[in-house]
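Working notes for the structure below.
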Amino acid sequence: MKITLLGTGTPAPSLKRMSSGYMVEVGDDLILFDHGPGAHHRMLEAGKNATDVTHVFFSHLHYDHCLDYMRLLMTHWDQGAGDIPELKVYGPPHTKRMTQAIIGKNGVFGPDLEARTKHQVSIDVYESRGGKGQRQKPKPEVTEMRSGQVIKGNGWKLRVTSVPHVQPYLISYGFRLDTDEGSFVYSGDCGPCNAMRKLAKGADVMVYMTHYLSGTEPSKSFAKGVAGHMEVAEVGQTAGVKNLVVSHVLKQMDEPGLRERVLRDMSKVYKGNLFFGEDLMEIPLAAPMATDRER
Amino acid sequence: MKITLLGTGVPKPQLHRASSGYMVEVGDDVILFDQGPGTYHRMMEAGKRAVDITHVFFSHLHYDHCLDYARLLLTHWDQGAGKVPELNIYGPPHTKRMTQALIGRNGAFGPDLEARVMAQGSIDVYQSRGGTGIRKKPKPKVAEIRSGQTITGNGWKVTARSVPHVQPYLVSYGFRMETPEGVFAYSGDCGPCTAMVKLAQDADVLVYMCPYYSGTERSKEYAKGAAGHLEIAQMAKQAKAKSLVVTHVLPQIDKPGMREKVLREIGEIYKGNIYYGEDLMEIPIGNPAPKSHEK
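Chains as they are written, first to last, in our numbering: chain A, 570 to 864; chain B, 2 to 296.
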């Protein structure tokens, strides 16, 4: 089991931090959690291609969590040339409609798909990639999940829970992935909540949106749906999480000195291992260990 | 007038070549020609943000030419916070429907936009970015252009002409942009044709798709809708273009030795300046000139 952070930023465009995206490799499966703008680029940098991806889970459908779905979907299909299984996609309500808006007949790429399956130029390209027979359009297996649902894969089990973010406009989920090697928990976007305290119980790794410096929230309503650093520390401590990853950070606290202050403040409450997330960081299941001096 | 190549690759995912995209700066306008996957990342690397973009021209709606439109559209709107003018978008038929499939009520990001204009947490964010009053959804100015049409901007004029690619499934355009400083022509995706010779007549810079090594096309049909290296050499020669940019290259020709072979063979036909395109390359108006040894 390998956990890689693909995007640790916010909607604000940044070359340093892409929008939200996480990658977990378990056995032969490559699972993405959210795929915000730029996360696909990081995935390529991490050495993976669209055709390597088997499952995608969307926490919610804010564009900073799902925009690169288009790139994944189109590239997986086009480069896959009918040789690989369809993508398995899981998300909240609207995930099916979103998919249709992208690849349906009247969707964004409706005419592209028509052209690529019918025109001789594209059929030539398809065959040169190893495609055989009549070219079919993409048919991802899309499932809209409910809170409490459990999804089973090959060597893994995923639990879904509803978390507070911008309801009623969007439904948001947190996830817990259990494997023989360990457990991974991802908050999606949410404020501090019992759902996450419960879901993360004893987890090896928890990635929690740590958006802002607690106390600087613009309104009470904001703080219900978005977590500050002290709230994340409390949830991590209450749940007894071993490794806690700070991610989805605003530039506000991503500054020299402030970053260190965030870590110091959080350590007063949370006693496990802290990781201040960066794009392409790999998060171990065990405690971080100092290597030999000369290595 | 400044011309920057943002994406010189093909649909195949590659870290060193994003799919098709070009950026031209004229006066206060920043104009994009096509915006395939990865070109948004390059645009940021070139120091431009979504809110800096004023106009976008799409040659055709294959995803490798328009996929990052979604990222541009949403980021321009979200970061613009109502303070920057709406984007001006020009493209072939389906451009309006594609835009609606992205940002319409039932579109891919319909619920995202609803949430961002209605939820208090998002209104707080909007106001912290300097937004005032009721937050409005994006309303890009989308025009579907016809062959022969001319669009006039502040200090520039763009003419579109229909070029052969994958008709009738997609309409494809080539473009000619005239400014007081020089003329830029872009083929979009097309095979050799008189339309491009006209558009590129005496152009300072001609960017022409060059996916393959002439003679290796899989079918006659393919060679009508996509150009090989000898075809673009002929086109540039007939048009008397001053500089020719080789782009949209397949890995087939993008390797040591092959690249040089392609350049030598183009050079036997075409006597102007040749540029083997790379992402983020700036193409000058005028001839390339060596600097002194020490600079």
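We treat Cβ as the ideally placed atom computed from N, Cα and C, and that holds for glycine.
In or out: residue i buried (at least 16 other Cβ within 10 Å) or exposed?
| i | result |
| --- | --- |
| B/H17 | exposed |
| B/T180 | buried |
| A/T860 | exposed |
| A/V719 | exposed |
| B/K158 | exposed |
| A/K793 | buried |
| A/P857 | exposed |
| A/G826 | exposed |
| A/L575 | buried |
| B/H294 | exposed |
| B/T133 | exposed |
| B/M178 | buried |
| A/S741 | buried |
Just to make sure I have the definition right: I need the residues of chain B whose C-beta is within less than 9 Å of the C-beta of residue i. Which are they?
| i | result |
| --- | --- |
| A/L613 | P14, Q15, L16, G39 |
| A/H817 | Result: empty, since nearest Cβ-Cβ is about 13 Å, beyond 9 Å. |
Please compile the residues from chain A whose C-beta is within a distance smaller than 8 Å of the C-beta of residue i.
| i | result |
| --- | --- |
| B/A116 | H631, V735, Y738, L739 |
| B/T55 | Simply none; closest approach about 17 Å. |
Determine whether the Cβ of residue i lies closer than 8 Å to any Cβ atom of chain B.
| i | result |
| --- | --- |
| A/P707 | no |
| A/R715 | no |
| A/Q703 | no |
| A/G676 | yes |
| A/D681 | yes |
Taking the C-alpha atoms as reference points, what is the distance between residue i and residue j?
| i | j | result |
| --- | --- | --- |
| A/V711 | A/P662 | 11 Å |
| B/L74 | A/D693 | 33 Å |
| A/V810 | B/D30 | 51 Å |
| B/F59 | B/E279 | 20 Å |
| A/V543 | A/D621 | In this structure chain A extends from 570 to 864, so residue 543 of chain A is not present and cannot be described. |
| B/I270 | B/V208 | 17 Å |
| B/E87 | B/R162 | 26 Å |
| B/H61 | B/N107 | 24 Å |
| A/H798 | A/H645 | 37 Å |
| A/L813 | A/G784 | 21 Å |
| B/I4 | B/E283 | 6 Å |
| A/G751 | B/K97 | 48 Å |
| A/P654 | A/V776 | 29 Å |
| A/E786 | B/P112 | 24 Å |
| A/K837 | A/T579 | 26 Å |
| A/M643 | A/D834 | 44 Å |
| B/G37 | B/L7 | 9 Å |
| A/G757 | A/S628 | 5 Å |
| B/F185 | B/H56 | 15 Å |
| B/S129 | B/S123 | 10 Å |
| A/A802 | B/T76 | 31 Å |
With a threshold of 8 Å between beta-carbons, can residue i be considered close to chain A, or not?
| i | result |
| --- | --- |
| B/P181 | no |
| B/Q80 | yes |
| B/A290 | no |
| B/R177 | no |
| B/Y170 | yes |
| B/F110 | yes |
| B/M99 | yes |
| B/V208 | no |
| B/A144 | no |
| B/G226 | yes |
| B/E222 | yes |
Residues of chain A with CB closer than 7 Å to the CB of residue i, please, in chain order.
| i | result |
| --- | --- |
| B/P141 | Those within 7 Å of B/P141 in chain A number zero; the least Cβ separation is about 14 Å. |
| B/D255 | Correct list: empty, because the minimum Cβ distance to chain A is about 16 Å. |
Output, in chain order, the set of chain B residues within a Cβ distance shorter than 8 Å of residue i.
| i | result |
| --- | --- |
| A/G794 | A120, G122 |
| A/T644 | P12, P14, P38 |
| A/H663 | G111, P112 |
Chain B partners of residue i, CB-CB under 7 Å?
| i | result |
| --- | --- |
| A/G607 | H42 |
Verify the CB distance criterion: does residue i have a CB-CB separation below 8 Å to chain D?
| i | result |
| --- | --- |
| B/H249 | The displayed structure is made up of protein chains A and B, and chain D is not among them. |
Along chain A, in chain order, which residues have C-beta atoms closer than 9 Å to that of residue i?
| i | result |
| --- | --- |
| B/L75 | P580, P606, Y632, D633, L636 |
I'd like to know if the segment 221 to 241 of chain B and the segment 174 to 193 of chain B are in contact, where contact means that at least 3 CB-CB pairs between them fall below 8 Å. Three or more Cβ pairs drawn from the segment 221 to 241 of chain B and the segment 174 to 193 of chain B lie within less than 8 Å of each other, which places the two stretches in contact.
Quick test of the definition: if touching needs 3 or more C-beta pairs under 8 Å, does the segment 702 to 711 of chain A touch the segment 719 to 728 of chain A? Short answer: they don't touch.
Across the segment 675 to 683 of chain A and the segment 100 to 114 of chain B, are there enough close Cβ pairs to call them in contact, namely three or more that are closer than 8 Å? By the Cβ test, the segment 675 to 683 of chain A is in contact with the segment 100 to 114 of chain B, since at least three Cβ pairs between them sit closer than 8 Å.
Say whether the segment 28 to 45 of chain B touches the segment 125 to 145 of chain B, bearing in mind that this needs 3 or more beta-carbon pairs closer than 8 Å, one atom from each stretch. Short answer: they don't touch.
Between the segment 198 to 217 of chain B and the segment 725 to 734 of chain A, can you find at least three pairs of beta-carbon atoms closer than 8 Å? Cβ pair count under 8 Å is below three, so no.
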